Amino acid sequence: MRKNIDKIVLEAIKEQFDKTQNTPSLKSTNEAYAIQARSFKNTTEKLSEKTKKSHQELLEGYVDVANKVSVKLDSIDYENANLNHSNYRSLKIDETYNLNAAFLHGLYFENIGDMNSKITTDSLTFMRLERDFGSFDKWQKDFIASCLSARNGWAITYYNVYLKKYVNTIIDLHDLHVPIGCIPVIVMDVWEHAYYHDFLRDRKLYVFSMMKEINWQKIEERIEKIEMIGRIM
98 MRKNIDKIVL EAIKEQFDKT QNTPSLKSTN EAYAIQARSF KNTTEKLSEK
148 TKKSHQELLE GYVDVANKVS VKLDSIDYEN ANLNHSNYRS LKIDETYNLN
198 AAFLHGLYFE NIGDMNSKIT TDSLTFMRLE RDFGSFDKWQ KDFIASCLSA
248 RNGWAITYYN VYLKKYVNTI IDLHDLHVPI GCIPVIVMDV WEHAYYHDFL
298 RDRKLYVFSM MKEINWQKIE ERIEKIEMIG RIM
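This is how it looks when you write it as structure tokens:
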């Protein structure tokens with residue numbers, strides 16, 4: 098009986114998650130999967146329209162490549178797969194790179210650009226970050242350090258399903274050093290293309306500018322979903 102209840106709850110969570118997620122969405126097919134790029138209206142004045150347009154085009158490019166890789170994998174020759182060189186190995190590496198790029202960009206676009214950015218001390222987000230980092234200020238300093246330490250890549254606050262706590266990490270490119278059990282919560286793009294046109298080499302100023310416009314309501318929604326899942330795991 099308990100297993101049936103858990104299954105129903107999980108299905109309900111997944112359905113609600115699919116409805117509210119604004120990251121590139123998954124479209125089921127009989128064979129290969131296909132993801133669709135969403136169009137994001139970023140209201141931030143810290144980034145130029147040229148940067149925003151270029152970033153949207155990058156997202157669409159990653160989605161396009163991921164879908165093409167998916168189609169090729171659907172008819173791949175498994176018999177010739179090997180660790181030295183094979184089409185299967187190359188396509189699987191490309192799949193991870195482009196899928197990560199698409200979803201990370203979507204998460205990033207969602208959680209920036211709030212011109213009225215504000216976090217309250219009674220929010221679930223504030224309480225969880227303070228619990229796991231010792232203080233909200235400590236999380237902020239640690240997250241900024243991650244932003245400044247990543248090479249072309251990302252800084253992420255994520256929930257680790259094994260440690261059962263929130264952690265900051267850096268991901269170089271889109272697919273290097275990705276932690277196991279990682280559910281992204283706060284995502285910052287620190288590739289040079291994200292800021293160079295508007296901030297030149299001043300990555301720190303770019304990071305500070307974006308952090309002043311974090312969409313804490315979106316972060317709260319992500320953490321609420323994690324909390325729901327955590328209660329039945």
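For our numbering, count along the sequence shown from 1 and bump the result up by 97.
In this text, a Cβ means the ideal position worked out from N, Cα and C, and glycines have one as well.
Here the structure is a predicted model, which means the values were calculated and not measured.
query                                                                                                : result
Residue environment, Y205, which counts as buried when at least 16 other CB atoms sit within 10 Å    : buried
M224, DSSP secondary structure in three states                                                       : helix
Alpha helix (DSSP H) runs wholly inside the stretch 162-213, at least 4 long, in chain order         : 184-207
Cβ neighbours of L221 in the same chain (closer than 8 Å, five flanking residues each side left out) : E317, I320, E321 and E324
8 Å Cβ cutoff met for V168 and A129                                                                  : yes
Contacting residues, own chain, Cβ-Cβ under 8 Å from Q237 (five flanking each side not counted)      : M308
Short Cβ contact (8 Å threshold) for W251 with L201                                                  : yes
C-beta atoms of V160 and I132 nearer than 8 Å                                                        : yes
Simplified DSSP state of K138, which is helix, strand or coil                                        : coil
Beta-carbon spacing of D208, N139 below 8 Å                                                          : Before going further, note that residue 208 is Asn rather than Asp in the sequence given. Their beta carbons are not under 8 Å apart, which means N208 does not touch N139 by this criterion.
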